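Student:
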Amino acid sequence: MTKAEGAKALRHFTDGFNKTYRTLDPKLNASYEAGALLAIDQAKVKSAHGMRPRGNPGYTPLTFKDTHFTVPEQAGWPKSFVADGLTNRKDPRTGALLRWFLVFSRDGIDEQWRAVHLATFKNNTAPQLKRDGKFAEAVPVSAASGLKVAPGKLSKTYADYLTTGRGGAFAPGADTDAWRRDRAKQANGVGSRIQVQDQPSDYPAFALRTEDGGALVFFSTYYHQQQTLSTGLTIHLPDRLRGVMQGPAKKTNRMAFTSVSGQAAKVPAEDAGGRIEILNRLDAITSAKPL
3 MTKAEGAKAL RHFTDGFNKT YRTLDPKLNA SYEAGALLAI DQAKVKSAHG MRPRGNPGYT
63 PLTFKDTHFT VPEQAGWPKS FVADGLTNRK DPRTGALLRW FLVFSRDGID EQWRAVHLAT
123 FKNNTAPQLK RDGKFAEAVP VSAASGLKVA PGKLSKTYAD YLTTGRGGAF APGADTDAWR
183 RDRAKQANGV GSRIQVQDQP SDYPAFALRT EDGGALVFFS TYYHQQQTLS TGLTIHLPDR
243 LRGVMQGPAK KTNRMAFTSV SGQAAKVPAE DAGGRIEILN RLDAITSAKP L
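Under my numbering, think of the first position of the sequence shown as 3, with each following residue one higher.
Set out below in structure tokens:
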């Protein structure tokens, strides 16, 4: 894996991303994305296509500058690397330009590199990664990782925590205890009930060792919601979700929604103190189904 190869993969991603969001053709996503990121972005494009079936000719192309490539030493397949670059996309809260961190992966020498995870970090700064010369250290997804929770089990651990609130593995934050409180407030409204369930995903996790012995882990989960209104009321589906509707549209007071959620987390070493921090979460509703 060379810097030139990484730059080529990032150009391929950028070209495909821009063409997709200009034409709003969800069939294009799979040419440059895979895994959880493909599910999330393809759902966003389907939703946008539902509102703009002729595309978006006024779309502002994504650009990268000041790019860096982090390559872990890996034996066998799949192989992965991280590309990060300053984009022309702005943080809606601060107006500052965002640095995107993209995990690329491929399963064989004849395959195209595809982006499988995307994250942004506060102040555009990711946790400091451990390096041995020019290489970063890939962390096993199994118990051999030496982490508080193995990367391969993090999806289930997070889903179980969100559903039950038990476990104590996660630090307080917007995507842990605060999100659980928000969901509890929304669960029972006037004439409305929302039931939720979180499940681990089958998309592979990816982890790199940090200097303190922990790891930066990219992983994903599923999030299911069922909304029920009182008899005689009708759920009005937002226009932005018509592109992910499953089955014929009909008047109903019950609907099910499924989301794919991608997280970047800082996981401490097994023998260290502290709890898991969710640093970034990216999600999209991938299906809406009348019941």
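Built from N, CA and C at the ideal position, the CB exists for glycine as well. On a predicted model such as this, the values are computed, not experimentally measured, just so you know.
Count the other C-beta atoms from every protein chain shown that fall within 10 angstroms of the C-beta of VAL192, then say buried if there are 16 or more, exposed otherwise.
Tutor: It is exposed - the Cβ of VAL192 has fewer than 16 other Cβ atoms within 10 Å.
Student: In this structure, what does DSSP give as the bridge partners for ALA140?
Tutor: LEU210, per the DSSP bridge assignment.
Student: Taking the Cβ atom as the reference point for each residue, do LEU293 and THR254 lie within a distance shorter than 8 Å?
Tutor: Yes.
Student: Who are the Cβ neighbours of LYS46 in its own chain at under 8 Å, not counting the five residues just before and after it?
Tutor: Once the five neighbours on either side are set aside, the close Cβ partners of LYS46 are ALA286.
Student: Where does ASP300 land, buried or exposed, given buried means 16+ other C-beta within 10 angstroms?
Tutor: One cannot answer for residue 300 here, as it falls past the ends of the chain, which runs 3 to 293.
Student: Unbroken beta strand (DSSP E) runs of length 3 or more, entirely within the stretch 115 to 174: which are they?
Tutor: Within the stretch 115 to 174, the complete beta strand (DSSP E) runs of at least 3 residues are 116 to 121.
Student: On a CA-only basis, which of LEU26, GLN227, ARG277 is nearest LEU201? Give me that one, please.
Tutor: In the sequence on display, residue 201 carries Gln and not Leu. Of LEU26, GLN227, ARG277, the residue nearest in Cα terms is GLN227.
Student: Assess contact between the stretch 119 to 132 and the stretch 217 to 227, defined as three or more Cβ pairs (one per stretch) separated by less than 8 Å. Is contact present?
Tutor: Result yes; three or more Cβ-Cβ pairs closer than 8 Å.
Student: Could you tell me if ASP134 is buried or exposed, where buried requires 16 or more neighbouring beta carbons within 10 angstroms of its beta carbon?
Tutor: With fewer than 16 other Cβ atoms within 10 Å, it is exposed.
Student: Return the CA-CA distance between SER157 and GLY57, expressed in angstroms with no decimal places.
Tutor: Cα-Cα distance, rounded: 35 Å.
Student: So, using beta-carbon positions, are LEU239 and MET247 closer together than 8 Å?
Tutor: Yes, these two residues count as a Cβ contact at 8 Å.
Student: Would you tell me roughly how many angstroms separate the C-alpha atoms of ALA251 and LEU30, rounded to the nearest one?
Tutor: Taking the straight line joining both Cα atoms gives about 26 Å.
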